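The structure appears below as structure tokens.
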Amino acid sequence: MLLQNGDTLLITAGGQVQRCRISKVDGNVVKLFDEAGSYRQMPYTILAKMIEEGQAVVQRNKEYDF
Numbered sequence: 121m122l123l124q125n126g127d128t129l130l131i132t133a134g135g136q137v138q139r140c141r142i143s144k145v146d147g148n149v150v151k152l153f154d155e156a157g158s159y160r161q162m163p164y165t166i167l168a169k170m171i172e173e174g175q176a177v178v179q180r181n182k183e184y185d186f
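In the working numbering, the protein residues as written are 121 to 186.
What follows is the structure in structure tokens.
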């Protein structure tokens, strides 16, 4: 799985969907900004597991597609 800066991450938790923008992938840490502008970090391995289990979806930023 390749995550890129600028991708949008949709996280489903508690029946609600939260949108986050991937700011930077720094080694084993993914840095995120949510819609309210709050900053947080998430371990890459946890995020990969959430994507595999369908709890998170990555929407590619077309600007960065090759």
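From the three backbone atoms N, C-alpha and C, an ideal C-beta is built for every residue, glycine too. As the structure is a computational prediction, the values presented were derived from the model and not from experiment.
Considering only residues of the same chain and omitting the five flanking positions on each side of residue i, which have a CB-CB separation below 8 Å?
i: M170; result: I131, A176
i: Y159; result: S143, K151, L152, F153
Chain C beta carbons: is any one of them nearer than 7 Å to that of residue i?
i: Q138; result: Of the protein chains in this structure there is only one, and it is not chain C.
Among the residues of its own chain, which have a CB less than 7 Å from the CB of residue i, if the five just before and after it don't count?
i: L167; result: V150, A176
Going by DSSP, which residues form a beta bridge with residue i?
i: M162; result: V150
i: Q179; result: T128
State the Cα-Cα distance for the pair residue i and residue j, rounded to the nearest angstrom.
i: V178; j: T128; result: 6 Å
i: R141; j: P163; result: 15 Å
i: G147; j: G135; result: 30 Å
i: G126; j: V145; result: 10 Å
Go ahead and pull the three-state DSSP assignment for residue i.
i: I171; result: helix
i: A156; result: coil
i: L130; result: strand
i: R139; result: strand
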